[in-house]
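>
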Amino acid sequence: MHNVGLMNAILCLAARHISLQTTGVHESCTQNDVIQYYYKTLHYIQQAMQYDTYKTSLELLATSLIVSTYEMLDGSSENWERHLKGVFWIQRSQTIHGDSRGLRQAVWWAWLCQDVWAAFREKRKPFTFWRPVRTLDELDPHELAARSVYYFAQAVAFSSEEERGAFKNDLEARLHSGDAILETLESWRAHLTVEFTPLPLSSSDTEAVFPPVCIYPSSFGVAIQLYYCSIILVLLSRPLLGGIGDYLEQRRVITGCVKMVCGIAKSQDDYESSVMSSQCVYIGTYCHHHPS
Numbered sequence: 054m055h056n057v058g059l060m061n062a063i064l065c066l067a068a069r070h071i072s073l074q075t076t077g078v079h080e081s082c083t084q085n086d087v088i089q090y091y092y093k094t095l096h097y098i099q100q101a102m103q104y105d106t107y108k109t110s111l112e113l114l115a116t117s118l119i120v121s122t123y124e125m126l127d128g129s130s131e132n133w134e135r136h137l138k139g140v141f142w143i144q145r146s147q148t149i150h151g152d153s154r155g156l157r158q159a160v161w162w163a164w165l166c167q168d169v170w171a172a173f174r175e176k177r178k179p180f181t182f183w184r185p186v187r188t189l190d191e192l193d194p195h196e197l198a199a200r201s202v203y204y205f206a207q208a209v210a211f212s213s214e215e216e217r218g219a220f221k222n223d224l225e226a227r228l229h230s231g232d233a234i235l236e237t238l239e240s241w242r243a244h245l246t247v248e249f250t251p252l253p254l255s256s257s258d259t260e261a262v263f264p265p266v267c268i269y270p271s272s273f274g275v276a277i278q279l280y281y282c283s284i285i286l287v288l289l290s291r292p293l294l295g296g297i298g299d300y301l302e303q304r305r306v307i308t309g310c311v312k313m314v315c316g317i318a319k320s321q322d323d324y325e326s327s328v329m330s331s332q333c334v335y336i337g338t339y340c341h342h343h344p345s
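Using the working numbering, you'd call the opening residue of the sequence shown number 54 and step up by one each time.
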């Protein structure tokens, strides 16, 4: 932790997290600390960008991602969007993607997790244009779990206003595009290993409105949640050409997807998976009740 900018970014994010859990005078003091660390971080980045070595450093990548995470918690959509795009251009200039290995790869996937959520909220396409080279057969279980985020990004792009507008006069092409994503999702599911299989639960648990679905580790459970959310987004964005029968079948499938998303969320209690799991629950239930 020899980098002052990175340290200030971490302190900023930590202080913001603490401020969300405190009230009264302590909240005011903590919020002042947040603002102080935030501007110290931005000032450091501005000064350090004069040096070419910093522009391609791991410290810049990590600092920028932590700043955008803070802005996600802070609720500043404009600043968050700007920094997400900034991290995108930094990664693009260094040809950093999902198969880069090491910290660069980790930062890329963490950035994508943020970008897909922002893209869903803004009804835009995710910034990334990277296409995986390795096939599903070449991936280990953890890489398969990560790949679900990429496929979810494709579903978010398909449901974006830009994509809807581009195909509004060509429903058949739109239908084929959605079917292609669904086929890819099913191919991904067919490659899943035993680690993604739900653990057995007591029979009494199955009587709940959303029976808990326990998948361990929880990152694999989130991957399954993303799979079902991807199906929901594609089905709701794909044109229905078969009448009332197709509509009823669509609602049946979506209801089943929501049941799985919420069931997995009920069995998760770790902090690491809570953010994306909560986002999946929001997406699933919101789309179920607001299909337009």
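Here a beta-carbon is modelled for each residue, glycine too, at the ideal position from N, C-alpha and C.
(1) Which one of 280, 196, 139, 137 has the shortest CA to CA distance from residue 153?
(2) So does the segment 199-217 actually touch the segment 284-294, counting three or more Cβ pairs closer than 8 Å?
(3) Just confirm the distance between the C-beta atoms of residue 206 and residue 246, as a whole number of angstroms; I'd bet it's less than 8 Å.
(4) Compare the C-alpha of residue 268 against each of 117, 283, 317 and name the closest.
(5) Using CA coordinates, which residue listed in 295, 306, 93, 334 is at the minimum distance from residue 319?
(6) Return the CA-CA distance between residue 146 and residue 264, expressed in angstroms with no decimal places.
(7) Which same chain residues, not among the five before or five after residue 286, have their C-beta less than 6 Å away from its C-beta?
(8) Return the CA-CA distance between residue 174 and residue 294, expressed in angstroms with no decimal places.
(9) Hey, does residue 312 have any beta-carbon neighbour from chain D nearer than 8 Å?
(10) Pick helix, strand or coil for residue 252, following the three-state DSSP scheme.
(11) Under 8 Å, do residue 162 and residue 332 count as touching if we go by C-beta distance?
(12) Mind reading off the beta-carbon distance from residue 151 to residue 185? Whole number of angstroms is fine, and I expect it under 8 Å.
(13) Since residue 273 is in the alpha helix (DSSP H), which residue starts that stretch and which ends it?
(14) Let me check understanding here. Comparing Cα to Cα, which of 300, 271, 313 lies closest to residue 283?
(15) Beta-carbon separation of residue 178 and residue 210 under 8 Å?
(16) How many whole angstroms separate the CB atoms of residue 140 and residue 110, which I take to be in contact at a CB cut-off of 8 Å?
(17) For residue 168, which residues in the same chain have their Cβ closer than 6 Å to its Cβ, ignoring the five residues on either side in sequence?
(18) Report the residue from 119, 296, 310 whose alpha carbon sits nearest the alpha carbon of residue 164.
(19) Would you kindly work out how many angstroms separate the C-alpha atoms of residue 302 and residue 192, rounded to a whole number?
(20) Would you tell me roughly how many angstroms separate the C-alpha atoms of residue 89 and residue 70, rounded to the nearest one?
(21) Looking only at its own chain, which residues have a Cβ that is under 8 Å from the Cβ of residue 315, when we skip the five neighbours before and after it?
(22) Tell me which residue opens and which closes the alpha helix (DSSP H) that residue 313 is part of.
(23) For the alpha helix (DSSP H) holding residue 138, just list the boundary residues, first then last.
(24) Using CA atoms only, rank isn't needed, just tell me which of 310, 126, 322, 95 is closest to residue 74.
(25) Measure from the alpha carbon of residue 203 to the alpha carbon of each residue in 276, 272, 144, then state which is nearest.
(26) Tell me whether residue 226 is buried or exposed, calling it buried when 16 or more other Cβ atoms sit within 10 Å of its Cβ.
(27) One question on the structure: do residue 115 and residue 160 come within less than 8 Å of each other, judged by their Cβ atoms?
So, from the listed chains and residues:
(1) Nearest to residue 153 by alpha-carbon distance, out of 280, 196, 139, 137, is 196.
(2) Result yes; three or more Cβ-Cβ pairs closer than 8 Å.
(3) Their Cβ separation, rounded to whole angstroms, is 22 Å, which puts residue 206 and residue 246 out of contact at 8 Å.
(4) Scanning 117, 283, 317 for the CA closest to the CA of residue 268 turns up 317.
(5) Residue 334 holds the alpha-carbon nearest to the alpha-carbon of residue 319 among 295, 306, 93, 334.
(6) The straight-line gap from Cα to Cα measures roughly 46 Å.
(7) Apart from the 5 residues on each side of it in sequence, residue 286 sits with its Cβ closer than 6 Å to the Cβ of 208, 212 in its chain, given in chain order.
(8) Taking the straight line from one Cα to the other gives about 27 Å.
(9) No chain D is present in this structure, which holds just one protein chain.
(10) Strand.
(11) In this structure, residue 162 keeps its C-beta atom at 8 Å or more from the C-beta atom of residue 332.
(12) Here residue 151 really is in contact with residue 185; their C-beta atoms are around 6 Å apart, less than 8 Å.
(13) That run of the alpha helix (DSSP H) goes 271-290.
(14) For the set 300, 271, 313, the Cα lying nearest the Cα of residue 283 is the one of 313.
(15) In this structure, residue 210 lies closer than 8 Å to residue 178 by Cβ.
(16) 13 Å between Cβ atoms; not a contact.
(17) So the qualifying residues of the chain are 137, 179, 180.
(18) Ranking 119, 296, 310 by Cα distance to residue 164 puts 119 first.
(19) So the alpha carbons of these two residues sit roughly 33 Å apart.
(20) Rounded to the nearest angstrom, the two C-alpha atoms are 15 Å apart.
(21) Close CB contacts of residue 315 within its chain, under the 8 Å cut and outside five residues either way in sequence, are with 263, 334, 337, 338 (chain order).
(22) For residue 313, the enclosing alpha helix (DSSP H) begins and ends at 297-319.
(23) For residue 138, the enclosing alpha helix (DSSP H) starts and ends at 130-146.
(24) Among 310, 126, 322, 95, the Cα nearest to that of residue 74 is on 126.
(25) Closest in C-alpha terms to residue 203, from the list 276, 272, 144, comes 276.
(26) That one is exposed.
(27) Going by beta carbons, residue 115 and residue 160 fall inside the 8 Å limit.
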